[in-house]
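Residue numbers (my numbering): 21 to 166. C-beta: ideal position from N, C-alpha, C; glycine also. The structure appears right after this line, and notes come after that.
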Amino acid sequence: MRRLSPANELHFIKEIYGPEATETHFAVLRDAFALLQTRSQMMLGLITICLTITGFSGQKIAESGKMSKIGVFLGVVSVLASALIIFTGPLQIRWLTQYRADSIDTTLLELIRRRNIRTHQYYTAMGCLVVGLSGYVLSFATYLLK
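This is the structure we're talking about:
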């Protein structure tokens, strides 16, 4: 299998559902945006839990040593970066029917591009969250070893 460009992806969608099934083509993209929204909300919940735990025990863990301080700092900064990316990317509300290009195909292509951008932002936020969680684990492990 190979990764498709937006134009090739639109062609493939039309191949699957038929060239005249515009409503279905639109629904495929609508569902993709809904999935990104749902997963981003789930990630935001995890971010909230991380920040809440840091608020309760972060200072005590950080006081246990330099490595713990670095881990907590790395955790907080990375988790906040993840939240910022999620808020400014996948969780932004933009209605699919709010924009229209010159043709339906051009509109669908633009929606595929926007979905791809938001997907990239989602994965970037996930990477930041993993770095942040790693920092928390490092600080907690250092705390337990003291």
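Checklist entry - Within 10 angstroms of its Cβ, does THR72 collect 16 or more other Cβ (buried), or is it exposed? => result exposed
Next on the checklist: Between the alpha carbons of PHE32 and GLY155, how many angstroms are there, rounded?
Outcome noted: 42 Å
Next on the checklist: Using only the alpha-carbon positions, how far apart do ALA41 and ILE113 sit?
Outcome noted: 26 Å
Next on the checklist: I'd like to check one pair, LEU153 with MET63: are the Cβ atoms closer than 8 Å?
Outcome noted: no
Checklist entry - Mind pulling the beta strand (DSSP E) runs of 3 or more residues that sit fully within the segment 75–126? => result none
Item to check | TYR142 to GLY109 span [Cα, whole Å] | outcome: 7 Å
Item to check | Residue nearest to ILE106 in terms of C-alpha spacing, selected from GLN57, VAL151, ILE90 | outcome: GLN57
Next on the checklist: Here's the rule I'm using: 16 or more other beta-carbon atoms within 10 Å means buried, otherwise exposed. How should VAL157 be labelled?
Outcome noted: exposed
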